[in-house]
């Protein structure tokens with residue numbers, strides 16, 4: 150069993166309030182949950198308007214599945230949001 154852990158930092162330069170940010174975050178989180186069988190949540194910088202940090206966790210059977218899922222998630226984020234990906238942290242564990 151492999152665990153997929155991803156921390157994605159996004160920059161949404163057009164966001165000027167926490168209300169606008171919340172709408173963007175809720176949208177991308179819900180889209181990710183609907184598309185992939187993963188856990189997703191905002192994990193950092195909740196009070197900074199233009200920075201979004203999303204944590205993603207999932208369980209996969211093989212390393213190849215972890216890599217494939219990782220690529221698919223990143224591509225999905227790029228296509229489904231106007232926010233720019235600033236940083237991606239990826240961590241894999243074996244249990």
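Residue numbers (my numbering): 150 to 244.
By construction, the Cβ of each residue, glycine as well, lies at the ideal position given by its N, Cα and C atoms.
Source: prediction; values computed, not measured.
Residue span of the alpha helix (DSSP H) that contains residue i, given as start and end
i, result
"residue 213", "212-229"
Short CB-CB distance (under 8 Å) between residue i and chain D
i, result
"residue 201", "Included in the structure is just one protein chain, with no chain D present."
Where residue i sits in the DSSP three-state scheme
i, result
"residue 188", "strand"
Sequence-distant residues of the same chain with beta carbon closer than 7 Å to residue i, five excluded per side
i, result
"residue 208", "150, 152"
"residue 215", "151, 153, 209, 241"
Opening and closing residue of the beta strand (DSSP E) in which residue i lies
i, result
"residue 247", "Because the chain in this structure spans residues 150 to 244, residue 247 falls outside the shown range and cannot be described."
"residue 197", "No beta strand (DSSP E) holds residue 197; DSSP gives it neither H nor E."
"residue 157", "151-160"
Residue i vs residue j beta-carbon contact at 8 Å
i, j, result
"residue 135", "residue 173", "No statement about residue 135 is possible, as the shown extent of the chain runs from 150 to 244 and does not include it."
"residue 161", "residue 170", "yes"
"residue 164", "residue 195", "no"
Chain-order list of residues whose beta-carbon lies under 6 Å from that of residue i (same chain, five-residue window excluded)
i, result
"residue 238", "156"
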